[in-house]
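For the sequence shown, my numbering begins at 636 and goes up steadily by one.
Here a beta-carbon is modelled for each residue, glycine too, at the ideal position from N, C-alpha and C.
Okay, so here's the structure we're looking at.
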Amino acid sequence: AQQLDKTPGLKLLGVAFYPGHIKALDDAGLKAISALDETLSTVASQFREHGLPLEIVSGGSTPTLFHSHRVRSMNEIRPGTYIFNDRNTVACGACGWEDCAAAILCTVVSVSPGSRAIIDGGSKTFSSDRLVTTGEASYGYVVEAPEAVFYKLNEEHGFLDISRCSRPIRVGDKLRVIPNHICVAMNLHETVYAIRKDEVELELRVEARGKLR
């Protein structure tokens, strides 16, 4: 920080951090937030002792969003996933399914009755980020069939175990799937449709997707 402050053409304004190690907000998670608060307070004290500017302490995450006030030195919060939320966010207890604003609409293209269904969305649709909970690996949450397990995918298709589903799954059914990780899924799509009461109200282009060069 001292070297940066002396470097021509650069202006040191503060520090940024990301508490990605804090997921669950149980007792251990709250203790981790407390430890983060102490660490940042120490950093702030060291900056002041050496006469360094600390106008901005920027950081945070979606799971810790509503505990930002516990990090006393922070004056700018930077959650990202909270715009939509996703299955990871639900799994760590930071939101419920009703708080998830984005889902990918897929069509059932093949069914083995009572056993397996195949949808027209694979890794090119959802990414290959996997969530493992209670011993089951899954690639997304099926809104219309919550008992279904999205257990496998290839590039173009997803495979659902429907053996525990309380409703029949048929070819042609439209299923909304909440991705495990909405950030990477969003980067795979060009358009977002805003829907209210089953009516499309707005069509938005994802301007920042696929910009790596």
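Proximity winner among the options, relative to residue i (alpha-carbon distances)
i: Ser615; options: Glu779, Thr760, Asp755, Gly793; result: For the chain, the structure presents residues 636 to 848; residue 615 sits outside this window and is missing.
i: Gly812; options: Val835, Ile739, Leu823; result: In the sequence as displayed, the identity of residue 812 is Val instead of Gly. The residue with the shortest Cα to Cα distance from Val812 is Ile739.
i: Glu791; options: Gly807, Cys741, Ile804, Gly649; result: Cys741
i: His704; options: Phe682, Arg683, Ser801, Ser669; result: Ser669
i: Cys727; options: Ala663, Thr677, Leu645, Val827; result: Ala663
i: Arg831; options: Pro643, Ala736, Thr674; result: Ala736
Inter-residue Cα distance where the pair is residue i and residue j
i: Phe761; j: Met709; result: 34 Å
i: Leu689; j: Ala679; result: 7 Å
i: Gln638; j: Asp672; result: 25 Å
i: Glu842; j: Ile712; result: 24 Å
i: Ile754; j: Glu782; result: 16 Å
i: Lys658; j: Pro748; result: 38 Å
i: Asp661; j: His702; result: 12 Å
Pair within 8 Å by beta-carbon distance, residue i and residue j
i: Glu834; j: Leu810; result: no
i: Ser745; j: Ile797; result: no
i: Val806; j: Leu795; result: no
i: Arg840; j: Met821; result: no
i: Val706; j: Gly649; result: no
Contact set for residue i: own chain, Cβ-Cβ below 7 Å, skip 5 residues either direction
i: Pro714; result: Gly695, Ser696, Thr697, Leu700
i: His816; result: Asp721, Asn723, Ser762, Asp764
i: Glu838; result: Thr826, Tyr828
i: Val819; result: Ser762, Asp764
Same chain, Cβ closer than 6 Å to residue i, five either side skipped, listed in chain order
i: Ala636; result: Leu687
i: Ser758; result: Leu788, Glu790
Reduced DSSP category for residue i - H, G, I as helix; E, B as strand; rest coil
i: Ala783; result: coil
i: Val725; result: helix
i: Cys741; result: strand
i: Asp734; result: helix
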